[in-house]
Every structure is written in structure tokens, then in C-alpha cells.
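Chemist:
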């Protein structure tokens, strides 16, 4: 219902077209807000579940016990695997890039991917040539 409400709000505000019907079988997912899940010591507890959900943490830079998620979306891919996506609020924003004081123009091309106004040429990546051996099989 939350997604449908957002779709109609965007439609009536003029930001989107009329929402199309999407079957519930196309993507199986459930979104849990703070009141419907628990997060203690890096373990996920969902509403109406007996114990914590076993999962593999795929973000090695962050300790799961230190985050405070605001929302959890559990979804299933067509191949049958389940995923949990955690929405967290960041305390700090991204660090600004230091000013260099210089400017450079970029020209995108076909033979060279990009040519800079400094004269530097960035070669075009040849993905097909690198993958030709795999395609030949």
C-alpha cells in the first residue's frame, strides 16, 4: 500500500504518469518499518518470526552491531534467493571534493573514449575483444 500511495501522490503532483498495475507475483517483497522489526547485536528479528533471521553480511567496512536501520525490505529474486536490504540514516554526509582550481574540457568520441583539453586521450574500452574467447564457446 505504501508504494501505491507514493505512486498516486506523484501522479497527482504531476511528477509521474498514471500508475500501472503490477502483479504481486512479479516481485515478492515485504517492507518492515521500525515497529515491525528488531535489530539487536547485528541480528535481525522480523515481526511474527520465532527467532533471528540468518543472513550473510555483505558490507565488510561496517560492523553490523553498530548500525541503526530505519527500514528493512526483504525481497526474493526470481532464482529463489532472499535478500534483506537495510535503510540506515547516515550521521555525516559525503565529504566534499577539494577544489583544484583548474578546469578541463572533455570530448567524447568513437575511436577514443574521451579526449581531454589537456591533450590526454582515454582509450575506448574494448569489452567485446576481451570477452570474445567466452563468446566463441
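Numbering (the working numbering), first residue to last: 515 to 651.
Glycine residues also receive a C-beta, built at the ideal position from the N, C-alpha and C atoms.
Nothing here was measured: the structure is a model prediction, and the numbers come from that model.
1) How long is the line joining the alpha carbons of residue 621 and residue 578, rounded to whole angstroms?
2) Excluding sequence positions up to five away, which residues of its chain have a Cβ less than 7 Å from the Cβ of residue 551?
3) Between the segment 628-642 and the segment 601-614, do three or more beta carbon pairs fall short of 8 Å?
4) Go through its chain and collect everything with a Cβ distance to residue 571's Cβ below 8 Å, but skip five positions before and after it.
5) Under the DSSP definition of a beta bridge, which residues are partnered with residue 586?
6) For residue 553, collect the residues of the same chain with a Cβ closer than 6 Å to its Cβ; drop the 5 residues on either side in sequence, then sort them by chain order.
7) Near residue 618, which residues of its chain fall below 7 Å by C-beta distance, leaving aside the five closest residues on each side in sequence?
8) Spell out the partners DSSP gives residue 620 in its beta bridges.
9) From residue 596 to residue 641, what does the alpha carbon distance come to, in whole angstroms?
10) Within a Cβ cutoff of 7 Å, which residues of the same chain sit near residue 522, ignoring the five residues on either side of it in sequence?
11) Determine the direct distance from the alpha carbon of residue 531 to that of residue 601, and round the result to whole angstroms.
Modeler: Reading from the atomic positions:
1) Along the chain shown, one-based indexing puts residue 621 at 107. Along the chain shown, one-based indexing puts residue 578 at 64. The straight-line gap from Cα to Cα measures roughly 44 Å.
2) Against the chain shown, residue 551 aligns to sequence position 37. Same-chain partners within the cutoff: 558, 559, 560, 561 and 586.
3) no
4) What you label residue 571 is simply residue 57 of the chain shown in a count that begins at 1. Around residue 571: 556 and 578.
5) Along the chain shown, one-based indexing puts residue 586 at 72. For residue 586, which the question treats as bridged, DSSP gives the partners 546 and 600.
6) As a working note, residue 553 is residue 39 in the chain shown. Excluding residues within five positions, the ones whose Cβ falls inside 6 Å are 583.
7) Within the chain shown, residue 618 is the residue found at index 104, counting from 1. So the list reads 630, 631 and 632, once near-sequence residues are dropped.
8) Numbered from 1 along the chain shown, position 106 holds the residue referred to as residue 620. Partner(s): 630.
9) Position 82 of the chain shown holds residue 596. Position 127 of the chain shown holds residue 641. Between residue 596 and residue 641, the C-alpha separation is close to 31 Å.
10) Your numbering for residue 522 matches position 8 in the chain shown. Excluding sequence neighbours, residue 522 sits near 533.
11) Against the chain shown, residue 601 aligns to sequence position 87. Against the chain shown, residue 531 aligns to sequence position 17. Taken atom to atom, the span from the alpha-carbon of residue 601 to that of residue 531 is near 27 Å.
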